[in-house]
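Asker:
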Amino acid sequence: MDQRRSAAEGDTLAHGRITDEAERTAEDRFDDEDYPAYSMGTAAEMLGVTATFLRALGAAHLIEPKRSGGGHRRYSRYQLRLAARARELVDQGTPVESACRIIILEDQLAEALRINAAYEREHGRERTAGN
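Here this note's numbering runs 18 ahead of the position in the sequence shown, where the first position is 1.
(1) Flag this pair as yes or no: are the beta carbons of Met58 and Ala74 separated by less than 9 Å?
(2) Spatial neighbours of Arg92 within its chain, please: C-beta separation below 6 Å, excluding the five flanking residues on both sides.
(3) Tell me which residue opens and which closes the beta strand (DSSP E) that Tyr93 is part of.
(4) Taking the CB atoms as reference points, tell me whether Arg103 and Glu129 lie closer together than 9 Å.
(5) List the DSSP bridge partners of Arg85.
(6) Using the Cα positions of Asp46 and Asp52, report the straight-line distance between them to the nearest angstrom.
(7) Is Ala101 near Ile120, with beta carbons less than 9 Å apart?
Laid out in structure tokens, this is it:
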């Protein structure tokens, strides 16, 4: 079963991949949307935002970066996508807190639709097999 958590929980979605860091290979890290590969400076540069903007997204509980051994914030590709969406909304005039809430709700809706589709696939098979 997919072990996803919504952005509302202040964390990235866990895609049911290897969770023990010691067991991860370099290839696992490249493929993992949740691996915290990007420093705050790199993330900000990629998105064309400031570090303050990224911290504001954290304060609004949209993204919660992991911390490196030295305490530096590290962002995943999934978190960067959320931040890019937040930037889109803010650029359109939406306040940061409101943009974060919108994205959290979008994420929750997408997760509910995914769960519903999986339920329908499973129960649709049961109905077909039972007839």
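The beta carbon of each residue, even a glycine, is placed where N, CA and C say it ideally should be. Predicted, not measured: the structure shown is a model, and the values here were computed from it.
Answerer: Looking at the coordinates:
(1) Using a Cβ distance threshold of 9 Å, Met58 and Ala74 do not count as a contacting pair.
(2) Scanning its chain for C-beta atoms nearer than 6 Å, with the 5 sequence neighbours on each side dropped, one finds around Arg92 the residues Pro54, Pro83, Lys84 and Ser86, in chain order.
(3) Element bounds for Tyr93: Arg91 to Tyr93.
(4) The answer is no: Cβ separation not under 9 Å.
(5) For Arg85, which the question treats as bridged, DSSP gives the partners Arg91.
(6) Distance between the alpha carbons of Asp46 and Asp52: 11 Å.
(7) No.
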